[in-house]
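The listed protein sequences correspond, in order, to chains A and B.
Just so you know, the first sequence maps onto residues 2 to 358 in the working numbering.
Just so you know, the second sequence maps onto residues 2 to 358 in the working numbering.
2 protein chains.
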Amino acid sequence: MQHTNRGPVPHGHVTLVQVAQRAGVSAQSVSNALNNPDRVAPETRKRILAAVEELGYEPNLSARALRNRSSSLIAFKMRPSRPDKASLLMDDFLYVLNAAAVEAGYHLILCHAEDGPAGEIKAYRELLKKTSIDAFVLAETHHHDDRVAALRSWGVPFASFGRSWDGDESLAWVDVDGRAGTRAATEHVAAQGHRRIGHIGWVAESELGQDRREGWLDACRDRELETDLQAAVVDSLEAGRQAAHRMLDASRPATALVCGSDTLALGVMRALHERGLRPGADVAITGYDDSPTAALVSPGLTTLRQPIDEVGRQLIQAIDNLMAGDPREPQHVLLEPELVVRGSSLPGPRTSAVPTS
Amino acid sequence: MQHTNRGPVPHGHVTLVQVAQRAGVSAQSVSNALNNPDRVAPETRKRILAAVEELGYEPNLSARALRNRSSSLIAFKMRPSRPDKASLLMDDFLYVLNAAAVEAGYHLILCHAEDGPAGEIKAYRELLKKTSIDAFVLAETHHHDDRVAALRSWGVPFASFGRSWDGDESLAWVDVDGRAGTRAATEHVAAQGHRRIGHIGWVAESELGQDRREGWLDACRDRELETDLQAAVVDSLEAGRQAAHRMLDASRPATALVCGSDTLALGVMRALHERGLRPGADVAITGYDDSPTAALVSPGLTTLRQPIDEVGRQLIQAIDNLMAGDPREPQHVLLEPELVVRGSSLPGPRTSAVPTS
DNA sequence: GGCAATCTTTTTAACGTTAATATCCCTGGG
DNA sequence: CCCAGGGATATTAACGTTAAAAAGATTGCC
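Here it is, written out as structure tokens:
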């Protein structure tokens with residue numbers, strides 16, 4: 002990109018020097034008054050703060066970044082949304098992450114990369130070369146994540162939405178307990194009297210999918226239910242639909258299907274629809290993620306809501322701790338999802354979940 | 002926030018001076034070689050570029066921002082997602098906007114604000130005071146938008162996703178032709194033989210909603226259809242549901258319902274569900290925005306897809322033009338949405354839209 | 001050969017901030 | 001009265017970049 006600007010132009014920005022003149026002190030004293038309050042006399046400090054207030058001074062982040070090598074920027078890479086994806090999770094996540102970041106005095110800068118881990122790492126490195134980035138937030142970490150290794154080797158603070166699946170204790174992460182969530186969903190349908198409870202989840206390579214499946218296994222074992230009805234498939238509506246058909250064609254068919262995602266659960270709903278069966282009344286269904294669709298379909302889809310705003314807050318908190326050089330152990334935070342019960346898992350009459358008011 | 006760093010620390014960043022030494026020239030010549038190629042002799046330039054390449058030099062954006070008052074940052078404010086919102090539009094938009102921004106040498110920085118226009122303007126001003134922001138991207142502009150006035154008064158370049166509804170010619174905007182889209186949807190259901198076509202759209206204060214409604218009116222007038230079946234409601238599933246019931250209870254009931262959003266259309270589907278009617282076969286339905294839900298419900302929802310990646314590209318293009326001080330007229334770009342036909346508007350047999358493969 | 005015109009490159013200074021260092025001023029002890 | 005100790009404030013220099021101005025090199029023309 003060509004830079005066509007012709008050098009610094011007059012601006013309305015208030016600088017340290019102006020505040021200093023106003024308060025009758027040096028620029029350094031103003032800086033100290035703001036960043037090291039104990040280095041200036043209380044009397045002076047009051048005068049300086051008054052001048053700051055009066056002139057509406059805000060420190061210039063570019064200058065500070067240049068001087069301190071610390072930009073108060075946190076980088077995050079968005080993933081392209083797949084057409085078939087139901088969940089708004091990342092949208093909400095980005096919003097709350099930014100809110101928490103701003104709250105803590107940071108700003109979020111978005112990173113763009115070609116797909117794949119190599120492209121992502123390359124994009125991180127280029128961003129770091131171009132400007133100082135205080136920290137990174139990773140999402141969807143997995144076993145032996147190259148990104149973790151890269152960021153660590155560069156010595157950049159970072160925290161991850163998604164635990165370290167390889168037991169890396171030094172990683173700061175925040176995650177949601179998919180196992181506990183799926184267990185709760187399974188127990189919920191079992192409490193409705195279901196005994197043939199199938200599970201449709203993601204392929205085995207996905208640690209996240211495996212974790213959720215464990216919750217179903219836990220609940221089944223507790224209640225001595227059979228666990229023969231399980232499918233490990235890709236996360237698409239069609240895969241959910243086909244898996245559901247298989248489990249309903251079984252000699253002793255499923256009466257409840259616990260799914261690893263709302264997308265899969267919607268596939269199950271489509272399968273039921275094709276068979277003239279009613280979700281809830283005939284077959285109980287649960288999903289995962291509380292996508293908007295879950296509330297909008299009829300009947301509503303029982304699902305698990307991730308406490309996404311808490312995830313955002315905790316991640317920023319973790320980064321703040323890392324930045325402060327806090328000698329405490331890196332944070333590991335595991336949050337519980339919340340079971341949102343709607344019509345798809347209830348035997349009750351097929352009334353709308355929404356009051357007719 | 003306290004700054005605990007103890008001053009610039011050794012880093013791996015390559016600077017202009019290092020490149021200059023390597024190439025045996027002054028730092029300024031390196032700067033010129035990169036930013037004003039015609040100011041250095043071709044021979045020298047080659048040598049400099051080789052050194053740049055060799056050392057992997059990337060200009061430091063903080064230093065550049067400080068010197069130039071131009072940060073290559075574009076600010077965008079996200080809105081919190083409402084629980085009832087079906088559309089991923091903003092998620093996708095953010096992604097493509099960032100992709101286009103990075104492509105053009107910018108980066109996207111997220112802005113956070115209290116709800117309401119005043120909070121948003123305040124957040125913009127604070128961000129501007131803290132650091133130089135090259136440009137802003139606005140979304141969902143409306144009649145007499147205070148944000149437009151504020152940004153203009155500050156002299157900051159900006160472009161808007163959403164046209165100027167008050168005929169402000171000097172605003173650079175990109176928008177999608179809701180009127181043409183709704184017209185296409187209406188003509189589509191009319192082509193299926195429907196004659197009692199209702200419209201459920203947003204309240205009259207919404208320029209966007211009104212624009213879409215006009216498209217329905219256009220098509221109805223063209224084909225001499227009655228336009229008595231119309232509702233102007235808030236954008237919620239429940240509102241769509243109730244409006245649908247009213248139009249189906251009419252003495253000459255609707256046989257097709259064109260909706261101003263997928264959320265409303267899903268409300269209509271729920272109403273049909275409650276009445277034991279089948280979408281498509283009994284009553285045709287169309288939505289707007291091609292939310293993920295539209296593809297996931299059964300039958301699939303016919304809807305209008307906004308060319309969101311083109312919107313993103315055009316916005317960055319518009320900003321680039323503004324930044325270059327391009328004397329051309331501010332860009333106004335009106336893009337056509339694409340009608341995505343699914344089962345909800347087709348009389349055909351109730352087979353799944355997804356092949357069973 | 002002299003000198004202006006032009007092209008190329010270097011030097012200087014500044015963007016706004018802050019760590020490190022220097023200076024000043026006051027208090028108290030000898 | 002002088003000086004050490006120390007708290008408060010000021011000065012210097014640097015972060016990496018680039019516009020503007022200065023300096024140097026080259027060409028062409030009379």
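Don't be surprised by glycine CBs; every beta carbon is placed ideally from N, CA and C.
- [ ] Under 8 Å by Cβ, that's how I've got A:D212 and A:G179 pegged, so tell me the actual separation to the nearest angstrom.
- [x] That pair is a contact at about 5 Å.
TODO: Answer yes or no: does any C-beta atom of chain B fall closer than 8 Å to that of A:K131?
DONE: It does; some Cβ of chain B falls within 8 Å.
TODO: Compute the minimum distance between the beta carbon of B:A251 and the heavy atoms of the ligand FMN, and state whether it is under 7 Å.
DONE: For the ligand FMN, the structure offers nothing, since it holds no ligand at all.
Open item on the list: In whole angstroms, give me the CA-to-CA distance for A:R48 and A:A24.
Closed with: A direct Cα-Cα distance of roughly 6 Å separates A:R48 from A:A24.
Open item on the list: Between B:H4 and chain A, is any beta-carbon pair separated by less than 8 Å?
Closed with: Because B:H4 sits at a pLDDT of 39, beneath the cut-off of 50, its placement in the model cannot be relied upon, and the following sentence gives the value as read from the coordinates. Yes, B:H4 counts as interfacial toward chain A.
Task: DSSP three-state assignment for A:H246, whether helix, strand or coil - done: For A:H246, the three-state secondary structure derived from DSSP is helix.
Task: Interface residues of chain B facing A:E339 [CB-CB closer than 9 Å] - done: Under the 9 Å cutoff, chain B gives no residues; its nearest Cβ is about 13 Å from A:E339.
Open item on the list: Cutting at 6 Å between CB atoms, please list the residues of its own chain near A:R343, excluding the five before and the five after it.
Closed with: Correct list, in chain order: G301, L302, T303 and A354.
Open item on the list: Please classify B:A151 as buried or exposed, where buried requires at least 16 neighbouring CB atoms within 10 angstroms.
Closed with: Classification for B:A151: buried.
Open item on the list: So that I know if they touch, is there some Cβ in chain A lying closer than 8 Å to that of B:M248?
Closed with: Judged by the 8 Å Cβ criterion, B:M248 is not in contact with chain A.
TODO: Return yes when the Cβ of B:S171 is within less than 8 Å of the Cβ of B:T142, no when it is not.
DONE: Contact: no.
Task: Exposure of B:P280, with buried meaning 16 or more beta-carbon neighbours within 10 Å - done: The residue in question, B:P280, is buried, as its Cβ has 16 or more Cβ neighbours within 10 Å.
Task: Spatial neighbours of B:P356 in its chain, beta-carbon cut-off 8 Å, leaving aside the 5 residues before and after - done: At B:P356, the pLDDT of 40 sits below 50, so the modelled position is not reliable and the matter cannot be decided from this model.
Task: Interface positions of the segment 99 to 117 of chain B facing chain A (Cβ-Cβ less than 7 Å), listed along the chain - done: Against chain A - using a Cβ distance shorter than 7 Å - the residues of the segment 99 to 117 of chain B are N99, A100, V103, A105, G106, H108, L109, I110, L111 and H113.
Task: Rounded straight-line distance, which links the Cα of A:A102 to that of A:G163 - done: A direct Cα-Cα distance of roughly 18 Å separates A:G163 from A:A102.
Task: Cross-strand partners of A:H333 (DSSP beta bridge) - done: Answer is A:W174, bridged to A:H333.
Task: 4-residue-minimum alpha helix (DSSP H) runs that sit fully inside the segment 51 to 78 of chain B, ordered along the chain - done: Positions of the alpha helix (DSSP H) runs, each at least 4 residues long and wholly inside the segment 51 to 78 of chain B, are given as 62 to 69 in order along the chain.
TODO: Report yes if the C-beta distance between A:I198 and A:A282 is below 8 Å; otherwise report no.
DONE: Not closer than 8 Å, so no.
Open item on the list: Going by the DSSP bridge assignment, what does A:A114 pair with across the sheet?
Closed with: DSSP, once it has assigned bridges, lists no residue as partnering A:A114.
Open item on the list: Using the three-state DSSP reduction, which class does B:Q19 fall into: helix, strand or coil?
Closed with: Here B:Q19 sits in helix by DSSP.
TODO: Can you tell me which of A:H12, A:A52 and A:G13 puts its alpha carbon nearest to the alpha carbon of A:V31?
DONE: The shortest C-alpha separation from A:V31 is found at A:A52.
- [ ] Express the C-alpha separation of B:V235 and B:L218 in angstroms, rounding to a whole number.
- [x] Put simply, the backbone Cα of B:L218 is about 19 Å away from that of B:V235.
Open item on the list: Does A:P293 pass the burial test, meaning 16 or more other C-beta atoms within 10 Å, or should it be called exposed?
Closed with: Burial check for A:P293: the Cβ neighbour count within 10 Å reaches 16 or more, so the residue is buried.
Open item on the list: Going by DSSP in three states, B:S30 sits in which element: helix, strand or coil?
Closed with: Taken through DSSP and simplified to helix, strand or coil, B:S30 comes out as helix.
Open item on the list: Please tell me whether B:H274 has its Cβ less than 8 Å away from any Cβ of chain A.
Closed with: It does; some Cβ of chain A falls within 8 Å.
Task: With 16 other Cβ atoms within 10 Å as the buried cut-off, status of B:L335 - done: Residue environment: B:L335 is assigned as exposed (fewer than 16 neighbouring CB atoms within 10 Å of its CB, all protein chains considered).
TODO: Alpha carbon to alpha carbon, how far is B:A205 from B:R351? Give it in angstroms, no decimals.
DONE: Residue placement at B:R351 is flagged as unreliable, the pLDDT there being 45, under the threshold of 50; the coordinate-derived value follows with that caveat. Using only the alpha carbons, I get a separation of about 36 Å.
Task: Nearest candidate by alpha-carbon position, reference B:F77, set B:E54, B:A136 and B:N69 - done: Nearest to B:F77 by C-alpha distance, out of B:E54, B:A136 and B:N69, is B:A136.
Task: Interface residues of chain A facing B:S311 [CB-CB closer than 9 Å] - done: Looking at the sequence provided, one finds Glu at residue 311 of chain B rather than Ser. Going along chain A, no residue has its Cβ under 9 Å from B:E311, so there is no contact; the nearest lies around 15 Å.
Open item on the list: Taking 8 Å as the threshold (beta carbon to beta carbon), is A:S345 in contact with chain B?
Closed with: Residue contact with chain B for A:S345: absent (no Cβ-Cβ distance below 8 Å to any residue of chain B).
Task: Nearest-angstrom Cβ-Cβ length linking A:L90 and A:A186, presumed shorter than 8 Å - done: The C-beta distance from A:L90 to A:A186 rounds to 17 Å, too long to meet the 8 Å contact threshold.
Open item on the list: Three Cβ pairs or more, each shorter than 8 Å: is that satisfied between the segment 122 to 134 of chain A and the segment 313 to 332 of chain A?
Closed with: The segment 122 to 134 of chain A is not in contact with the segment 313 to 332 of chain A.
Open item on the list: Quick check: what's the CA-CA separation for A:I134 versus A:L128?
Closed with: So the alpha carbons of these two residues sit roughly 8 Å apart.
Open item on the list: Measuring straight from C-alpha to C-alpha, what distance separates B:I286 and A:V269?
Closed with: A straight-line Cα-Cα distance of about 23 Å links B:I286 and A:V269.
- [ ] Determine the contact status of A:P338 and A:G182, defining contact as a CB-CB distance below 8 Å.
- [x] Closer than 8 Å, so yes.
Open item on the list: Per the DSSP calculation, B:G1 is bridged to which residue(s)?
Closed with: Outside the displayed span of chain B (2 to 358) sits residue 1 of chain B, for which this structure offers no information.
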